[in-house]
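Below: the structure, in structure tokens.
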Amino acid sequence: MNETSLYSIVIIPARMASTRLPGKPLAEICGKPMIARVWRQAERAGLGPVLVAAAEKEIAQAVEEEGGKAVLTEPDLPSGSDRIAQALEKADPLGLFGVVVNVQGDLPTLPPEYLRTCANALVRTGADIATLAAPIRTEEELKNPNVVKVIAPLAWEEVALAEDFVRDLPQDHQGPTFHHIGIYAYRREALLRFVRLPPSLRERKHRLEQLRAMDAGMKIAVARVAQAPFGVDTPAELEYVRQQVEREESGPSAT
Numbered sequence: 545m546n547e548t549s550l551y552s553i554v555i556i557p558a559r560m561a562s563t564r565l566p567g568k569p570l571a572e573i574c575g576k577p578m579i580a581r582v583w584r585q586a587e588r589a590g591l592g593p594v595l596v597a598a599a600e601k602e603i604a605q606a607v608e609e610e611g612g613k614a615v616l617t618e619p620d621l622p623s624g625s626d627r628i629a630q631a632l633e634k635a636d637p638l639g640l641f642g643v644v645v646n647v648q649g650d651l652p653t654l655p656p657e658y659l660r661t662c663a664n665a666l667v668r669t670g671a672d673i674a675t676l677a678a679p680i681r682t683e684e685e686l687k688n689p690n691v692v693k694v695i696a697p698l699a700w701e702e703v704a705l706a707e708d709f710v711r712d713l714p715q716d717h718q719g720p721t722f723h724h725i726g727i728y729a730y731r732r733e734a735l736l737r738f739v740r741l742p743p744s745l746r747e748r749k750h751r752l753e754q755l756r757a758m759d760a761g762m763k764i765a766v767a768r769v770a771q772a773p774f775g776v777d778t779p780a781e782l783e784y785v786r787q788q789v790e791r792e793e794s795g796p797s798a799t
């Protein structure tokens, strides 16, 4: 690797077309759009520049009004991975940044240290991609197919290589179970290779994009964290996070 290969950049893909919560990136949370709050949390991680890969101009404008930076991407790209790859090549054509951290744009209360944990797992293991997982603590989570599970020896290790990602656990699975968190750190060359690969059979069957990488022989490291961050997908979840942020910002330790 060359000297600049471990410089990192954080990219947040965002688009307005959310089925359950249209216009989600601009949803107001205590006076600020959601995407601006996610951008701010990512900035606090101190990993490097933070960029929003915006499918629409209004998202870019909202980020820039809060002091952030955004790059417009084609609105019809098939996934967030494609969006961050296009933003990366537009913003960094010389290839300065060798590590790309992908943060979902609907995690307004994301702990900044989670991004550092993810990036550190990538560097520490030499994997192509790194991601996060948290212990599943309820039967509801365990049985919910919308909660993606990681098969990895995380009961004994803080960081381990993923063996599989599933929606429903195999019947013979034993031991603790872990909830996959959709935050990724990619080596630049792995990201650009990944978005050029066709979807694999398992990816199409299970609707899990990370299986494309595994089926292509890429190694995915998984770092264990305490709990999954709260994501916003519905109006009820938006109202919940508004109340949570309002309590935090009006509390005695608020600044």
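Reading the sequence shown from the start, the letters are residues 545 to 799 in my numbering.
Glycine residues also receive a C-beta, built at the ideal position from the N, C-alpha and C atoms.
Boundaries of the alpha helix (DSSP H) around Y784: 779 to 794. Within the same chain, Cβ atoms closer than 8 Å to the Cβ of H723 are found at A677, A678, P679, I680, E685, V691, V692, K693, V694, A772, the five residues on either side in sequence being excluded.
The Cβ atoms of V647 and V554 sit closer than 9 Å to each other. Membership of F738 in the alpha helix (DSSP H) is indicated by the continuous run 732 to 740. For S623, no beta strand (DSSP E) run applies, since DSSP gives it neither H nor E. By the C-beta density criterion, P742 is exposed, having fewer than 16 other C-beta atoms within 10 angstroms. Cβ contact annotation for R660 (same chain, cutoff 7 Å, sequence separation greater than five): A589, L591, in chain order. Around the beta carbon of R732, a 10 Å sphere encloses 16 or more other beta carbons of the protein chains shown; the residue is thus reported as buried. With respect to the 9 Å criterion, M578 and A586 are not classified as neighbours on the basis of their beta carbons. For the 9 Å CB-CB criterion, E793 and S623 do not form a contact.
Listed as beta-bridge partners of P679 by DSSP are F722. For V789, same chain residues with a beta-carbon under 6 Å away, outside a window of 5 residues either side, are I573, C574 in chain order.
Counting only the Cα atoms, G795 lies some 46 Å from R748.
Within the same chain, Cβ atoms closer than 8 Å to the Cβ of M560 are found at P566, G567, K568, P569, L570, A599, E600, E602, I603, the five residues on either side in sequence being excluded.
In the structure shown, the three-state DSSP call for L666 is helix. By the Cβ-count criterion, Y784 is exposed, with fewer than 16 other Cβ atoms from all chains shown falling within 10 Å of its own Cβ. Rounded to whole angstroms, D708 and L755 show a C-alpha spacing of 8 Å. By the neighbour-count criterion, in which 16 or more other beta carbons inside 10 Å mark a residue as buried, L745 falls on the exposed side.
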